[in-house]
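Peer 1: Numbering (our numbering), first residue to last: 494 to 776.
I'd like to ask you about the structure that follows.
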Amino acid sequence: MNFIQQLHQAETLNDSLLCVGLDPEPAKFPGAWKGDAGRIYDFCAAIVDATKDLALAFKPQIAYFAAHRAEDQLERLMAHIKRVAPSVPVILDAKRGDIGSTAEQYAKEAFERYQADAVTLSPFMGFDSIEPYLRYPDKGAILLCRTSNPGGSDWQNQRLADVPGTPKLYEHLARLAQTDWNKNGQLGLVVGATFPAEIARVRELAPTLPLLIPGVGAQGGDASATVKAGWRAGVGGQQGQGGPVIVSSSRAVLYASSGNDFAAAARRVALDTRELLNQARRA
């Protein structure tokens with residue numbers, strides 16, 4: 494089963510559009526674990542166990558592990574997710590963007606070492622930076638397109654005078670990802686929840702691609718507006734030609750409580766967020 498098929502299966506199985514981001518910060522850990530980087534695996538595994546039946550995907554951010562020399566804990570976490578939630582795909586949030594043999598090594602890291610089902614990539618260096626990942630035909634490659642940070646407009650919102658119609662950079666990227674670059678149907682796009690109008694525009698240009706949408710929750714993105722902009726129902730209200738929508742929430746779920754009930758609190762927030770997203774797509 495490839496990444497896109499996994500997403501459709503998880504959406505149906507867990508009735509969810511929610512992606513739980515795993516961004517462990519030891520300084521925010523509960524109780525006696527606070528400040529202890531050796532507990533990164535334990536903390537994240539507890540979150541996974543509490544939300545595994547509510548999530549469309551899990552998204553560990555590699556920097557939060559590497560900064561604490563916790564790559565081995567990330568490997569253990571990936572194996573744990575595969576074991577306890579085999580139907581929920583895992584997106585490694587790495588935002589790699591190199592070319593050639595270096596990109597080959599990054600692809601090997603994501604898909605062989607960590608066993609991720611998909612990885613986030615920066616396409617600034619063009620198709621050369623994407624191609625090595627497409628050699629893994631069952632895996633997904635999710636390209637930064639219209640990100641949620643204000644500075645994203647420095648590049649992404651600028652027009653390309655040499656391209657017919659002078660599209661904005663993010664619009665041109667969405668078209669390329671939907672067409673010429675999507676050799677094996679593996680690509681998706683990152684579009685920030687803080688820009689619902691741009692989500693709708695990307696969906697128009699890339700109707701079949703998965704959209705990974707961070708920024709809901711602590712970053713202030715509106716869950717209902719996000720779903721309405723990106724999700725498209727098919728026959729009978731089911732997901733049709735429109736690609737999957739993966740709405741990511743990290744801090745709001747992870748740090749719902751600073752006490753020993755952190756996992757139960759995370760589950761409550763995940764439940765509420767899943768329901769809010771479902772209400773929006775059923776409206």
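Glycine included, every Cβ here is placed at the ideal spot set by N, Cα and C.
With DSSP collapsed to three states, give me the class of L702.
Peer 2: coil
Peer 1: Going by other Cβ atoms of all chains shown within 10 Å of its Cβ, with 16 needed for buried, is R576 buried or exposed?
Peer 2: exposed
Peer 1: Measure the CB-CB distance between F551 and V612 and report whether it falls below 8 angstroms.
Peer 2: no
Peer 1: Using C-beta distances below 7 angstroms, list every residue in its chain close to G677, excluding the 5 sequence neighbours before and after it, in chain order.
Peer 2: Here residue 677 is Asn; the residue named in the question, Gly, does not match the sequence. Once the five neighbours on either side are set aside, the close Cβ partners of N677 are L627 and P630.
Peer 1: Measure the beta-carbon distance from E597 to P625 and round it to whole angstroms, keeping in mind my assumption that it falls under 8 angstroms.
Peer 2: At roughly 5 angstroms, the Cβ-Cβ gap stays under 8 angstroms, so E597 and P625 are in contact.
Peer 1: Mind checking which residues open and close the beta strand (DSSP E) that includes F620?
Peer 2: Element bounds for F620: n/a, residue is neither H nor E.
Peer 1: So, with DSSP's three-state summary, where would you put T766?
Peer 2: helix
Peer 1: Between the alpha carbons of T657 and E664, how many angstroms are there, rounded?
Peer 2: For clarity, residue 657 is Pro in the given sequence; the question names Thr instead. Roughly 12 angstroms separates the two Cα atoms.
Peer 1: With burial defined as no fewer than 16 other Cβ atoms inside 10 Å of the residue's Cβ, what is the status of G733: buried or exposed?
Peer 2: Legend: pLDDT at G733 = 46, less than 50; position of this residue unreliable, no value from coordinates given.
Peer 1: In three-state terms, what does DSSP make of G729?
Peer 2: With a pLDDT of 35 at G729, under the threshold of 50, the predicted position of this residue should be treated as unreliable, though the coordinate-derived value follows. Looking at G729 - three-state DSSP - the assignment turns out to be helix.
Peer 1: Under 8 angstroms by Cβ, that's how I've got L511 and V740 pegged, so tell me the actual separation to the nearest angstrom.
Peer 2: 6 angstroms
Peer 1: Give the straight-line distance between the Cα atoms of P517 and V581, rounded to the nearest whole angstrom.
Peer 2: C-alpha separation (whole angstroms): 19 angstroms.
Peer 1: Would you decide whether T659 is buried or exposed? Buried here means 16 or more other CB atoms lie within 10 Å of its CB.
Peer 2: exposed
Peer 1: Give the secondary structure of T595 by DSSP, where H, G and I count as helix, E and B as strand, and everything else as coil.
Peer 2: helix
Peer 1: For D546 and N507, which I take to be in contact (beta-carbon distance under 8 angstroms), what is that distance rounded to the nearest angstrom?
Peer 2: 6 angstroms
Peer 1: Given G730, which residues of its chain have a CB within under 7 angstroms of its CB, disregarding the five upstream and five downstream residues?
Peer 2: Low local confidence applies: a pLDDT of 39 at G730 is under 50, so the model's placement there is unreliable, with the coordinate-based value given in what follows. So the list is empty, once near-sequence residues are dropped.
Peer 1: Looking only at its own chain, which residues have a Cβ that is under 6 angstroms from the Cβ of V746, when we skip the five neighbours before and after it?
Peer 2: Here V746 has V513, A759, V762 and A763 as same chain residues with Cβ atoms under 6 angstroms from its own Cβ, once five neighbours each way along the sequence are excluded.
Peer 1: From what residue to what residue does the beta strand (DSSP E) around D586 run?
Peer 2: I584 to R589
Peer 1: Would you say the beta carbon of N650 comes nearer than 7 angstroms to a heavy atom of the ligand SAM?
Peer 2: For the structure depicted, the ligand SAM is absent and the ligand set is empty, with no information on it obtainable.
Peer 1: Which one of P707, I540 and D535 has the shortest CA to CA distance from S750?
Peer 2: Nearest Cα to S750 within the set P707, I540 and D535: I540.
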